[in-house]
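Q:
Protein chains: 2
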Amino acid sequence: MKEGPDISRVAALIGDPARANILTALMSGKALTAAELAEEAGVTPQTASSHIARLAAGGLVTTRRQGRHKYVALASDEVGTVLESLIGLAARSGHLRTRTGPRDSALRHARVCYNHLAGDLGVQVYDSLTVRGMLAPEGEALAITHAGRRFAEAFGIALAPLERRRAPLCRNCLDWSARRYHLGGALGRAMLARMEAADWLTRGEGRVLTLTRKGKAGFAESFPG
Amino acid sequence: MKEGPDISRVAALIGDPARANILTALMSGKALTAAELAEEAGVTPQTASSHIARLAAGGLVTTRRQGRHKYVALASDEVGTVLESLIGLAARSGHLRTRTGPRDSALRHARVCYNHLAGDLGVQVYDSLTVRGMLAPEGEALAITHAGRRFAEAFGIALAPLERRRAPLCRNCLDWSARRYHLGGALGRAMLARMEAADWLTRGEGRVLTLTRKGKAGFAESFPG
DNA sequence: CAATTGCTTCGATGGAGGTCGAAGGATGAA
DNA sequence: TTCATCCTTCGACCTCCATCGAAGCAATTG
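So the sequence lines, in the order shown, correspond to chains A and B.
Each residue of the first sequence is one higher than the last, beginning at 1 in UniProt numbering.
Each residue of the second sequence is one higher than the last, beginning at 1 in UniProt numbering.
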């Protein structure tokens with residue numbers, strides 16, 4: 001009937017609430033077991049099993065058996081990118097959930113977005129780096145400056161191995177809660193890993209990140225407003 | 001149950017084949033009437049009317065009455081971007097349609113992708129500009145060089161007004177048919193408009209573009225391999 | 001070897017929604 | 001006004017599929 005790839009199949013996969021919850025939970029970047037995903041999605045293990053099988057058949061997730069556990073993860077960065085762009089579009093179109101849970105405010109403050117830092121804290125980092133000339137946004141694109149490279153190395157991040165990969169080093173990532181940009185890409189992931197290693201942040205339930213006392217001081221010093 | 005914008009609602013809207021066809025047809029950038037969309041989607045006018053109402057309620061399209069016609073268009077560039085990224089994901093995940101129509105090969109050669117040039121011809125332009133140092137890709141980002149600015153102005157494109165807009169000037173757009181990048185963004189749109197004005201290309205059925213004799217010579221001269 | 005845990009398959013149920021025929025506006029043309 | 005065209009609403013049908021109970025398989029534990 002029409003030409004091109006069948007976009008509706010992929011969209012229909014994401015279009016079920018239970019599957020969307022599963023995919024959203026996987027955006028933390030961690031591999032989760034089928035039982036955990038069932039809990040996240042609010043369905044029974046049987047139902048989750050069927051959904052996971054569909055997502056895997058559709059190429060959106062990969063599964064790996066380990067003992068009697070089945071670990072599920074997003075199939076690629078591209079899937080995560082598509083999900084984030086859908087979240088952005090949904091937020092702008094006013095498709096907010098009717099029920100906002102108690103974790104909501106904590107999520108707005110600091111959360112994981114495919115292994116990089118998002119939320120108000122992520123926006124603060126982005127703004128601080130941009131104002132001080134470490135990052136150079138050009139439209140939707142984002143480049144790192146020489147000053148930014150020095151800063152990253154001083155922060156404990158080796159840029160060279162990150163740049164050898166095909167994935168972009170810096171990427172503007174649109175924050176659905178703040179409607180502002182935060183730092184994605186390989187550098188964003190490396191920075192979050194560094195912050196976790198330095199005990200600035202601890203992972204809470206789901207995608208929530210909690211700021212430690214040490215982190216509070218560290219952010220104020222390294223990323224002044 | 002979960003936090004954040006409701007991604008599944010938007011995805012479910014795109015997830016119906018008829019609606020996906022409608023949205024894909026609108027990616028030409030033109031506003032189409034309800035009857036035309038019904039034809040494109042392969043459903044009756046009643047069904048199309050219902051789908052259009054849902055898409056409008058979901059914020060994906062805008063409608064405008066003009067006489068007894070109802071013109072439908074994508075609501076924003078962001079919707080087009082999400083659709084393209086979904087097309088890319090679908091193509092990589094192997095969700096190709098079972099039936100490939102006769103227009104398929106023409107589409108692979110040259111087509112409209114949200115008002116800029118895509119297909120083999122679009123990739124040729126992109127590669128030619130990149131090799132000759134007019135465009136500077138950095139990861140997923142894309143910048144225009146000084147040489148590129150001179151080239152664009154000589155091609156009859158005033159860059160200043162384009163840069164005042166918030167939308168990016170250059171954007172890498174992933175081609176589902178060639179799996180390579182072509183030039184999107186404001187500059188991509190301006191170049192296609194210029195090519196059409198110069199009678200290099202004519203719009204065929206749907207998103208198909210046909211190369212004229214004049215255009216054949218023009219491409220060979222302006223965008224040598 | 002049980003017993004327990006984690007996942008999957010099968011079958012039945014129920015609901016959501018896509019589809020079109022028929023009829024009813026709404027707009028413009030003759 | 002009358003007609004034709006375009007779109008919409010209503011109602012009925014029907015398919016698809018999400019969901020869960022029950023049972024079965026697989027792997028670890030005692």
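Glycine residues also receive a C-beta, built at the ideal position from the N, C-alpha and C atoms.
Since this is a predicted model, take the numbers as computed values, not measurements.
Could you tell me the alpha carbon to alpha carbon distance between Thr100 of chain A and Ala57 of chain A, rounded to whole angstroms?
A: Caution is warranted here: a pLDDT of 42 is assigned to Thr100 of chain A, below 50, making its placement in the model unreliable, and no coordinate value can be reported.
Q: Flag Ala220 of chain A as yes if its beta-carbon sits less than 9 Å from any beta-carbon of chain B, otherwise no.
A: Not closer than 9 Å to any Cβ of chain B, the Cβ of Ala220 of chain A fails to qualify, so no.
Q: Report the CB separation of Leu89 of chain A from Glu196 of chain B in whole angstroms; it is logged as a contact under 8 Å.
A: Actually they are not in contact, since the Cβ atoms of Leu89 of chain A and Glu196 of chain B sit about 29 Å apart, beyond 8 Å.
Q: Distance check for Ser49 of chain A and Gln66 of chain A, CA to CA, integer angstroms please.
A: C-alpha separation (whole angstroms): 16 Å.
Q: Which term fits Asp6 of chain A, buried or exposed, when burial requires 16 or more other beta carbons within 10 angstroms of its beta carbon?
A: Under this definition Asp6 of chain A is a buried residue.
Q: Whole beta strand (DSSP E) runs in the region 162–223 of chain B with 3 or more residues, listed along the chain?
A: Entirely contained in the region 162–223 of chain B, the beta strand (DSSP E) runs reaching 3 residues are, in chain order, 171–174, 181–184, 201–203 and 209–211.
Q: Using beta carbons (cut-off 9 Å, strictly below), is Ala11 of chain A in contact with chain B?
A: Yes, its Cβ sits closer than 9 Å to a Cβ of chain B.
Q: Check whether the Cβ of Glu78 of chain B lies closer than 9 Å to any Cβ atom in chain A.
A: By this cut-off, Glu78 of chain B is an interface position.
Q: Evaluate contact between the region 200–214 of chain B and the region 131–138 of chain B, counting only Cβ atoms and requiring at least three cross-stretch pairs below 8 Å.
A: Result no; under three Cβ-Cβ pairs closer than 8 Å.
Q: Going by other Cβ atoms of all chains shown within 10 Å of its Cβ, with 16 needed for buried, is Pro102 of chain B buried or exposed?
A: Residue placement at Pro102 of chain B cannot be trusted, given a pLDDT of 42 that sits under 50; the coordinates are not used to answer.
Q: Should Thr24 of chain B go down as buried or exposed, given a rule of 16 or more other Cβ atoms within 10 Å for buried?
A: Burial call: buried.
Q: Look up Val125 of chain B in the DSSP assignment and say whether it is helix, strand or coil.
A: In this structure, Val125 of chain B counts as helix in the three-state DSSP scheme.
Q: How would you write the range of the beta strand (DSSP E) that Leu74 of chain B sits in, first residue to last?
A: Here the beta strand (DSSP E) through Leu74 of chain B covers His69 to Leu74.
Q: Quick check on DSSP: helix, strand or coil for Thr24 of chain A?
A: In this structure, Thr24 of chain A counts as helix in the three-state DSSP scheme.
Q: Evaluate contact between the region 114–127 of chain B and the region 179–192 of chain B, counting only Cβ atoms and requiring at least three cross-stretch pairs below 8 Å.
A: Yes, the region 114–127 of chain B touches the region 179–192 of chain B.
Q: Given this structure, state the Cα-to-Cα distance separating Glu221 of chain B from Gly156 of chain B, to the nearest angstrom.
A: Looking at the two C-alpha atoms, the distance is approximately 15 Å.
Q: Judging by CA-CA distance, which residue of B:Ala136, B:Phe151, B:Arg111 and B:Pro137 is the nearest neighbour of Thr210 of chain B?
A: If we check each option's Cα against that of Thr210 of chain B, B:Arg111 comes out closest.
Q: Where Pro137 of chain B and Asn172 of chain B are concerned, what is the direct C-alpha to C-alpha distance, given to the nearest angstrom?
A: One C-alpha to the other measures close to 8 Å.
Q: Quick one: Cα of Ala147 of chain A to Cα of Leu192 of chain A, how far?
A: Approximately 20 Å between the Cα atoms of the pair.
Q: Could you have a look at Leu60 of chain B and say whether DSSP puts it in helix, strand or coil?
A: Three-state DSSP puts Leu60 of chain B in coil, outside helix and strand.
Q: Pairing CB atoms from the region 36–46 of chain A with CB atoms from the region 32–50 of chain B, are three or more of them under 8 Å?
A: Because the criterion of three Cβ pairs below 8 Å is not met, the region 36–46 of chain A and the region 32–50 of chain B do not touch.
Q: Going by Cα to Cα distance, which pick from A:Pro168, A:Leu121 and A:Leu187 is closest to residue 228 of chain B?
A: It is not possible to answer for residue 228 of chain B, since the shown part of chain B is limited to 1 through 225.
Q: Starting from Pro17 of chain B, find everything on chain A with Cβ-Cβ shorter than 7 Å and list it in chain order.
A: Under the 7 Å cutoff, chain A gives Ser8.
Q: Answer yes or no: do Ala31 of chain B and Ser93 of chain A have a C-beta to C-beta separation smaller than 9 Å?
A: Result no, Cβ atoms of Ala31 of chain B and Ser93 of chain A do not sit closer than 9 Å.
Q: Give the single residue among A:Lys216, A:Ala53, A:Gly29 and A:Thr47 whose Cα lies nearest to the Cα of Gln124 of chain A.
A: Nearest option by C-alpha distance: A:Lys216.
Q: Where do the N-terminal and C-terminal ends of the alpha helix (DSSP H) with Arg82 of chain B fall, by residue?
A: Just to set this straight, residue 82 of chain B is Val in the shown sequence, not Arg. Unbroken alpha helix (DSSP H) run through Val82 of chain B: Asp77 to Arg92.
Q: DSSP three-state label for Ala147 of chain A, please.
A: Helix at Ala147 of chain A.
Q: For Ile52 of chain B, which residues of its own chain have a beta-carbon under 8 Å away from its beta-carbon, when the five flanking residues on both sides are left out?
A: Here the set comprises Ile22, Ala34, Leu37, Val61, Thr63, Lys70 and Val72.
Q: Quick one: what does DSSP say Val112 of chain B is sitting in, helix, strand or coil?
A: Three-state DSSP puts Val112 of chain B in a strand.
Q: Helix or strand or just coil, what does DSSP make of Pro102 of chain B?
A: Its pLDDT being 42, under 50, Pro102 of chain B is placed unreliably by the model, and the measurement read from it follows with that caveat. Coil.
Q: Cutting at 8 Å between CB atoms, please list the residues of its own chain near Leu162 of chain A, excluding the five before and the five after it.
A: Cβ within range, chain order: Leu169, Ala186, Leu187 and Ala190.
Q: Within the same chain, show all residues whose beta-carbon is closer than 7 Å to that of Gly59 of chain B, passing over the 5 residues directly before and after it, in chain order.
A: Only Ala75 meet the Cβ criterion.
Q: Once DSSP output is grouped into helix, strand and coil, what is the label at Ala136 of chain A?
A: If DSSP states are grouped into helix, strand and coil, Ala136 of chain A belongs with the strands.
Q: In this structure, how does DSSP classify residue 248 of chain B when only helix, strand and coil are distinguished?
A: Residue 248 of chain B is absent from the model: chain B starts at 1 and stops at 225.
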